[in-house]
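Enquirer: Here this note's numbering is used: the first residue of the sequence shown is 108, the next is one more, and so on.
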Amino acid sequence: MAVTNDIVKKISQKTNHPGFKARAYLRGLTELIGAALAEGSKVEVGGLGTFKLTRLPERKVVTNFGGKKQTLKLSAAITPDFDVEKTLKAKIKEPTEASKVIGPIDEQFRVSDLRNRESNVQFIELVDKTIPKAILSLVPEAIARKYQAVPFSLQEKTLYVGMTDPENEEAFNAIRKSSGKIVKPFITTQEDINHILDQYAGLQAELSELVEVSEDEGEGKEKVSEEDFAETSPAAKIVASLLKRAVREKASDIHIEPSEEGVSVRFRIDGVLQKVLDLPKEVQPAVISRIKILANLKIDETRLPQDGRIQILLDGNKIDFRISTLPTVNGEKIVARVLDHSHSALTLQDLGVRGRALKILEENLTKAHGMTLITGPTGSGKSTTLYAMIARIKNEAINIITMEDPVEYRMPGVNQSQVNSKINFTFASGLRSILRQDPDVVMVGEIRDKETADIAINAALTGHVVLSSLHTNDSAGALPRLLDMGIEPFLITSSTNAIVAQRLCRKICDKCKQEVETKQEYREVLAEETENLPEPERTELKSKKTIYAGAGCSACNNSGYKGRVGIFEVLAITEPVRQLTIKRATSSEIMSQAKKDGLITMKQDGILKAFDGLTTLEEIWRVTKD
108 MAVTNDIVKK ISQKTNHPGF KARAYLRGLT ELIGAALAEG SKVEVGGLGT
158 FKLTRLPERK VVTNFGGKKQ TLKLSAAITP DFDVEKTLKA KIKEPTEASK
208 VIGPIDEQFR VSDLRNRESN VQFIELVDKT IPKAILSLVP EAIARKYQAV
258 PFSLQEKTLY VGMTDPENEE AFNAIRKSSG KIVKPFITTQ EDINHILDQY
308 AGLQAELSEL VEVSEDEGEG KEKVSEEDFA ETSPAAKIVA SLLKRAVREK
358 ASDIHIEPSE EGVSVRFRID GVLQKVLDLP KEVQPAVISR IKILANLKID
408 ETRLPQDGRI QILLDGNKID FRISTLPTVN GEKIVARVLD HSHSALTLQD
458 LGVRGRALKI LEENLTKAHG MTLITGPTGS GKSTTLYAMI ARIKNEAINI
508 ITMEDPVEYR MPGVNQSQVN SKINFTFASG LRSILRQDPD VVMVGEIRDK
558 ETADIAINAA LTGHVVLSSL HTNDSAGALP RLLDMGIEPF LITSSTNAIV
608 AQRLCRKICD KCKQEVETKQ EYREVLAEET ENLPEPERTE LKSKKTIYAG
658 AGCSACNNSG YKGRVGIFEV LAITEPVRQL TIKRATSSEI MSQAKKDGLI
708 TMKQDGILKA FDGLTTLEEI WRVTKD
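Shown next, in the form of structure tokens:
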């Protein structure tokens with residue numbers, strides 16, 4: 108602020124205009140420079156200096172985390188760079204209040220030095236903190252969200268701010284100006300930033316106000332009007348709030364369900380549906396129509412199901428919502444699948460594949476040809492596992508092509524294609540085209556019919572590695588499922604390398620994890636499953652006596668769970684399994700043979716993870732119960 112006053116004074120002296128006119132001139136100049144920078148990369152202002160956009164590469168930040176010195180990497184960023192002319196530097200010699208805070212004028216305006224230096228910025232963990240409203244109010248929510256920077260403490264005149272990029276000069280100056288305080292930056296994680304951003308306003312409070320406005324405006328109205336389509340309408344604001352809040356609460360799906368009395372909104376978080384609010388019946392037509400407009404669906408078609416897509420930009424990340432409508436007796440139900448492209452593909456170990464299962468899977472992935480199938484119900488994480496498998500084998504020497512519906516993660520170095528049924532670009536037709544593209548590895552999102560299965564199996568038989576998914580309850584059920592599609596047994600046994608079945612379990616919250624007693628009702632099942640385990644897993648499990656559960660805290664919303672982990676069973680196609688498939692054996696016969704060959708079932712894998720403190724026995728029973 109002091110530097111700005113000095114510049115205003117100089118302008119006033121040079122032009123003989125009063126200070127308020129000089130300030131208005133400077134404000135207008137700033138706006139012009141900002142607009143020019145948005146269109147180009149450099150602006151020269153005579154007598155003042157050169158403004159330009161500078162790209163900062165990844166930088167190192169030395170921080171103190173957990174009592175240990177660590178070096179963190181900051182991602183690349185674009186920030187304004189101001190090269191002050193010598194005449195102006197010479198006239199501002201005295202240190203101002205601002206320069207005492209953030210350094211001399213060269214450091215205030217020039218950011219290029221940030222490229223090659225390390226800064227001693229401390230790490231702060233905010234996930235368990237509740238920030239007083241008085242401190243939050245010092246930095247407006249719009250600024251906090253724009254720069255991903257949140258205040259968390261005030262010590263006299265110093266405001267402590269957690270940032271994902273504490274070297275962003277533009278963010279630093281915006282916060283200093285809005286708060287009027289000396290700013291001390293700390294580095295923190297995106298998850299911690301989102302936790303504090305959520306404290307600006309809760310979903311229920313935010314939407315209650317919009318619903319009240321919508322109810323007032325909707326009195327006496329029986330159908331949707333043109334005003335309801337506007338960006339500023341209450342319905343538009345309700346939908347925007349729902350979409351943003353679902354992303355920030357890490358929901359995988361949004362369910363908007365009409366009833367006779369109103370409209371229920373539920374989020375699926377960590378695999379479990381949770382009601383977040385009830386909307387009045389009066390806003391139902393406007394909210395449904397607003398979602399249809401965003402998803403480019405037919406507003407007047409209420410008798411048939413429709414599918415569409417919405418894309419928004421939130422906190423600098425591109426988020427897709429896959430929209431599905433379904434007519435019900437109380438109106439149209441809408442389900443939105445949340446697809447966050449900012450999430451990178453995980454490794455197989457990150458997902459929870461380990462031990463014997465990981466060894467079998469990696470051995471089969473490194474084969475020169477053959478098919479590996481992932482099975483499980485909708486929402487069990489099959490696509491994520493397929494991406495992890497691609498990440499495992501990806502390198503510059505092979506050509507990997509995918510056919511997906513939709514593309515959920517963007518992977519550099521992988522040619523990803525998305526099916527479009529409206530123009531008859533299906534898995535089957537797309538797979539035919541892929542095989543003309545000289546692929547080494549082919550990933551097909553899902554085998555839904557005989558035609559797709561035929562092409563995938565023929566590709567696996569002719570020197571290609573094929574990865575795909577199938578809807579069955581367990582790994583052994585995939586073989587009879589392919590037989591039911593009309594595939595010949597000898598083709599299945601010749602092309603298939605391994606079959607993976609999986610489920611997702613909620614993880615125990617690390618903040619409130621504690622030891623608990625094993626319930627009596629589980630002990631008999633535990634003893635039976637332990638005896639059926641192959642070695643060395645049986646000996647490993649017998650040596651463990653402690654299980655855990657979450658007590659519930661603010662970090663996990665008092666649920667005791669936070670995040671999810673996979674449980675897996677990996678079926679290797681051994682010679683006995685091949686012979687059973689050729690004889691068209693049932694899935695139970697195949698599973699019995701697989702256990703003799705050393706297969707660890709999903710329930711057994713879950714029990715091992717429960718005794719490792721990752722999940723609870725209740726979760727394992729919930730997702731594996733027959």
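Even for Gly, the Cβ is constructed at its ideal location relative to N, Cα and C.
Over the uninterrupted alpha helix (DSSP H) stretch that includes residue 651, give me the two end residues.
Expert: Careful: residue 651 lies outside any alpha helix (DSSP H) and carries neither H nor E.
Enquirer: Exposed or buried, which one is residue 701 when buried takes at least 16 other CB atoms within 10 Å?
Expert: Result: buried.
Enquirer: How is the alpha helix (DSSP H) around residue 397 delimited, first residue to last?
Expert: 391-401 is the extent of the alpha helix (DSSP H) around residue 397.
Enquirer: Let me check understanding here. Comparing Cα to Cα, which of 692, 672, 695 and 699 lies closest to residue 726?
Expert: Answer by Cα proximity: 672.
Enquirer: Taking the beta strand (DSSP E) that residue 124 falls in, what are its first and last residues?
Expert: From DSSP, residue 124 is part of no beta strand (DSSP E); its letter is neither H nor E.
Enquirer: Tell me which residues share the same chain as residue 343 and place their Cβ nearer than 6 Å to its Cβ, disregarding the 5 neighbours each side in the sequence.
Expert: For residue 343, where only same-chain residues beyond five positions count, the Cβ hits under 6 Å are 397.
Enquirer: If I measure Cβ to Cβ from residue 214 and keep anything under 7 Å in the same chain, skipping five residues before and after, which residues do I get?
Expert: Confidence at residue 214 is low in this model, with a pLDDT of 35, below 50, so the placement of that residue is unreliable and no value is reported for it.
Enquirer: In its own chain, which residues sit with a C-beta less than 6 Å from the C-beta of residue 217, not counting the 5 before and 5 after it?
Expert: Residue confidence is low: residue 217 scores 33 on pLDDT, short of 50, so the model does not pin down where it sits. No coordinate-derived value is stated.
Enquirer: What did DSSP end up calling residue 414 once you bin it into helix, strand or coil?
Expert: It is a strand residue.
Enquirer: For the 8 Å Cβ check, are there 3 or more pairs between the stretch 359-370 and the stretch 652-666?
Expert: These segments do not touch.
Enquirer: What residue does the beta strand (DSSP E) around residue 440 start on, and which one ends it?
Expert: Here the beta strand (DSSP E) through residue 440 covers 438-447.
Enquirer: With a cut-off of 8 Å, do at least 3 Cβ pairs link the stretch 464-481 to the stretch 554-574?
Expert: Counting Cβ pairs under 8 Å, three or more are found: they touch.
Enquirer: State the start and end residues of the unbroken beta strand (DSSP E) segment that holds residue 546.
Expert: Premise fails: residue 546 is in no beta strand (DSSP E) and is neither H nor E.
Enquirer: Hey, residue 592 and residue 567 are a contact pair by Cβ (cut 8 Å); roughly how many whole angstroms apart?
Expert: Between residue 567 and residue 592 the Cβ distance is about 15 Å, and since that is not below 8 Å, they are no contact.
Enquirer: With contact counted as at least three CB pairs below 8 Å, one residue from each stretch, are the stretch 373-388 and the stretch 497-511 in contact?
Expert: Counting Cβ pairs under 8 Å, fewer than three are found: no touch.
Enquirer: Over the uninterrupted alpha helix (DSSP H) stretch that includes residue 490, give me the two end residues.
Expert: Note, residue 490: alpha helix (DSSP H), 489-500.
Enquirer: Between the beta-carbon of residue 497 and the beta-carbon of residue 518, is there less than 8 Å?
Expert: Contact flag set, yes.
Enquirer: Helix, strand or coil for residue 684 per DSSP?
Expert: Here residue 684 sits in helix by DSSP.
Enquirer: Run through DSSP, which three-state label would residue 263 get?
Expert: Correct three-state label for residue 263: coil.
Enquirer: Output the boundary residues of the beta strand (DSSP E) element that contains residue 679.
Expert: From DSSP, the beta strand (DSSP E) with residue 679 extends over 668-679.
Enquirer: Measure the C-alpha to C-alpha separation of residue 579 and residue 302 and round it to an integer number of angstroms.
Expert: Near 37 Å, if we compare the C-alpha coordinates of residue 302 and residue 579.
Enquirer: Going by C-alpha distance, which of 698, 630, 249 and 535 is nearest residue 649?
Expert: Ranking the options by Cα distance to residue 649, first place goes to 630.
Enquirer: Leaving out the 5 sequence neighbours to the left and right, which residues in its chain are closer than 6 Å to residue 547 when beta-carbon positions are compared?
Expert: Taken in chain order, the residues that qualify are 505 and 506.
Enquirer: Starting from residue 577, follow the beta strand (DSSP E) in both directions and report where the run begins and ends.
Expert: It spans 572-577 - the beta strand (DSSP E) in which residue 577 sits, taken as one unbroken run.
Enquirer: Starting from residue 230, follow its DSSP beta bridges and name the residues at the other end.
Expert: Answer is 294, bridged to residue 230.
Enquirer: For residue 530, is the classification buried or exposed, using 16 other Cβ atoms within 10 angstroms of its Cβ as the cut-off for buried?
Expert: Under this definition residue 530 is an exposed residue.
Enquirer: When you compare only the Cα positions, how much space is there between residue 607 and residue 553?
Expert: Rounded to whole angstroms, residue 607 to residue 553 spans 14 Å at the Cα level.
Enquirer: If the criterion is Cβ atoms closer than 8 Å, does the pair residue 678 and residue 535 meet it?
Expert: Not a contact, by the Cβ cut-off of 8 Å.
Enquirer: Once DSSP output is grouped into helix, strand and coil, what is the label at residue 566?
Expert: Three-state result, residue 566: helix.
Enquirer: Following the continuous beta strand (DSSP E) through residue 613, name the residue where it begins and the one where it ends.
Expert: Per DSSP, residue 613 belongs to the beta strand (DSSP E) from 603-615.
Enquirer: Counting along the chain, where does the beta strand (DSSP E) carrying residue 522 start and finish?
Expert: 522-525 is the span of the beta strand (DSSP E), which, as asked, contains residue 522.
Enquirer: Assuming the contact rule is C-beta atoms closer than 8 Å, residue 264 and residue 240 should be a hit. Round their C-beta distance to whole Å, please.
Expert: Between residue 240 and residue 264 the Cβ distance is about 20 Å, and since that is not below 8 Å, they are no contact.
Enquirer: Going by DSSP in three states, residue 456 sits in which element: helix, strand or coil?
Expert: Residue 456: helix per DSSP, three-state reduction.
Enquirer: My guess is that residue 742 and residue 604 are in contact by the Cβ rule of under 8 Å, so how many angstroms apart are they, rounded?
Expert: Limits of the chain in this structure are 108 at one end and 733 at the other, which puts residue 742 out of reach.
Enquirer: What does the alpha-carbon distance come out to for the pair residue 689 and residue 709?
Expert: Distance between the alpha carbons of residue 689 and residue 709: 25 Å.
Enquirer: Pairing CB atoms from the stretch 370-380 with CB atoms from the stretch 426-436, are three or more of them under 8 Å?
Expert: Touching, no.
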